[in-house]
Amino acid sequence: MRRSGVQEAQTDDQRALYELALYESVRLGSGRAFRRLVDQHGPGMLRVARWYRPDEDEARRLVRQAWVTALGGLDMFAWHTSFRAWLFGILLHHCRGTQADAQRADVAVAVPRRPPRAAHRQPQPSGDWQDLPWSPAWSPESWGVVDDALAALPLAWREAVRFRDVEGWDSGEVCDVLGLTGAEELGVLHAGRTRLAAAVAEHLGLDGCGEARCGWAAVTATAYLEGRLSADQRRTYEAHLSHCGACGCQLQQLRGVAAMLALRSTPDGSVAADPALEAAFRRWRVTRGLRPWRRLPMWWPR
Ligand SMILES: [Zn+2]
């Protein structure tokens, strides 16, 4: 498989330069740069759109709408955040709107509706998987429990857990795309993972961890897993874990949930060859008075 230019750009500086070059090239009307951008972000956008609209055509329509909006606002992007976070923020705006519309329609016809569930690829047990605390009792039904518990989370919790654990975004970008501070992101991530861990533990008939009466805030476990503790706090917490069963159990369950969610990937879908999207780009280029590029500059990463 041919590697994309962004994968070949190894360092953060190279990646940033590549992203800037791509962005500026699109602004100048490069269809090739636009296709690369779509190739790069399209599959992830489609996965996110499916969280809200599992119907494939609907999800693709949302992705297309987001691209059209992004093209219209391209000059307003100011690099306060990554291009990806900006782009996905636009997508979320469209997705949340359509979900609210769908919920209103449900109320109108008064039909109880089960939360949508996308078709998932069942993960195969791997070395890491065997090390998870609940692996021996794990089954396809258990994935259904995770999906249902995820769908039942409040929107902010669900989005944070999905971007951080399912999509594997780093915390900074999760904050940017969801408009959260670091502390807020940690809080919703902890709340979401805790709720999922409880659902899985109940499904597997495991005892709860019990209430920690040691004075450590529960969110410390997530802060520890997220690498947010200082070196001193980390050492103190690790020493505490060796003799506090409740905190140790909680940490193990939260770690297990995060690891499970990382395996919860959904099939990609390419939107690179979407003719409607290509047409939308060409119309946008015409409105800007830009001409198609015949060649890209020499410094273009291959
Ligand atoms: Zn404790």
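With the first letter of the sequence shown counted as 1, position 117 gets the number 120 in this note's numbering; the numbers rise by one all the way through. Note that CB positions come from ideal geometry on N, CA and C, so glycine has one too. Keep in mind the model is a prediction, meaning the values are calculated, not measured.
Compute the Euclidean distance between the alpha carbons of Gly218 and Trp146, then round it to the nearest angstrom.
-> 33 Å
Report the rounded CA-to-CA distance for Arg35 versus Gln43, giving the unit in angstroms.
-> 12 Å
In this structure, does DSSP put Gly184 in helix, strand or coil?
-> Residue identity check: residue 184 is Thr in the sequence provided, not Gly. Residue state, collapsed to three classes: coil.
Meets three-Cβ-pair contact criterion under 8 Å: the segment 175-192 and the segment 75-95 | yes
Just how far apart, CA to CA, sit Ala282 and Ala52?
-> 21 Å
Quick one: using the 10 Å Cβ neighbour count with 16 as the cut-off for buried, is Gln236 buried or exposed?
-> exposed
Whole-Å CB distance - Gly195 paired with Val164, under 8 Å assumed | 4 Å
Alpha-carbon to alpha-carbon, Arg161 and Gln256 = 18 Å
Starting from Gly45, follow the alpha helix (DSSP H) in both directions and report where the run begins and ends.
-> 34-55
Name the two residues that bound the continuous alpha helix (DSSP H) containing Arg258.
-> 248-265
For His206, collect the residues of the same chain with a Cβ closer than 7 Å to its Cβ; drop the 5 residues on either side in sequence, then sort them by chain order.
-> Counting only Cβ-Cβ distances below 7 Å, and skipping sequence neighbours, we find Ser145, Val148.
Label Ala234 either buried or exposed according to how many other C-beta atoms from any shown protein chain fall within 10 Å of its C-beta, with 16 as the threshold for buried.
-> exposed
Could you give the distance in angstroms between the alpha-carbon of Leu199 and the alpha-carbon of Asp150?
-> 9 Å
Please name the residue in Ala155, Asp60, Phe166 whose C-alpha comes closest to that of Leu95.
-> Phe166
Tell me which same chain residues have a C-beta within less than 6 Å of the C-beta of Glu241, skipping the five on either side of it?
-> none
Backbone CA spacing between Arg238 and Leu244 [nearest angstrom] | 10 Å
Host alpha helix (DSSP H) of His243 (start-end) = First-last of the alpha helix (DSSP H) with His243: 234-244.
Going by other Cβ atoms of all chains shown within 10 Å of its Cβ, with 16 needed for buried, is Gly230 buried or exposed?
-> exposed
Do Arg56 and Leu65 have their C-beta atoms within less than 8 Å of each other?
-> yes
Residue of Leu189, Gln253, Leu228, Trp89 minimising C-alpha distance to Val3 = One cannot answer for residue 3 here, as it falls past the ends of the chain, which runs 4 to 305.
Is the beta carbon of Arg30 less than 8 Å from the beta carbon of Leu77?
-> yes
Rounded Cβ spacing between Leu189 and Thr225 (contact assumed at less than 8 Å) = 6 Å
Out of Gly182, Leu183, Gly213, Thr184, which has the shortest C-alpha to C-alpha gap to Thr197?
-> Of the candidates Gly182, Leu183, Gly213, Thr184, the one whose C-alpha sits nearest the C-alpha of Thr197 is Gly213.
Sub-8 Å separation of Val41 and Leu280 beta-carbons = The Cβ-Cβ distance between Val41 and Leu280 falls below 8 Å.
May I ask you to check if the CB of His193 is nearer than 7 Å to at least one heavy atom of ligand 1?
-> No, since every heavy atom of ligand 1 falls outside the 7 Å radius drawn around the Cβ of His193.
Taking the alpha carbon of Gly100 as the point to measure from, which residue in Gly75, Gln68, Ala73 has its own alpha carbon closest?
-> Gln68
Closer than 6 Å to ligand 1: residues, by C-beta to nearest heavy atom, in chain order = Ala215, Cys217, Trp219, His243, Cys247, Ala249, Cys250
Rounded straight-line distance, which links the Cα of Ala221 to that of Trp70 | 40 Å
Please check the pair Val203 and Val260, which I expect to be a contact at CB under 8 Å, by giving their CB distance rounded to whole angstroms.
-> Yes, they are in contact, since the Cβ atoms of Val203 and Val260 sit about 7 Å apart, within 8 Å.
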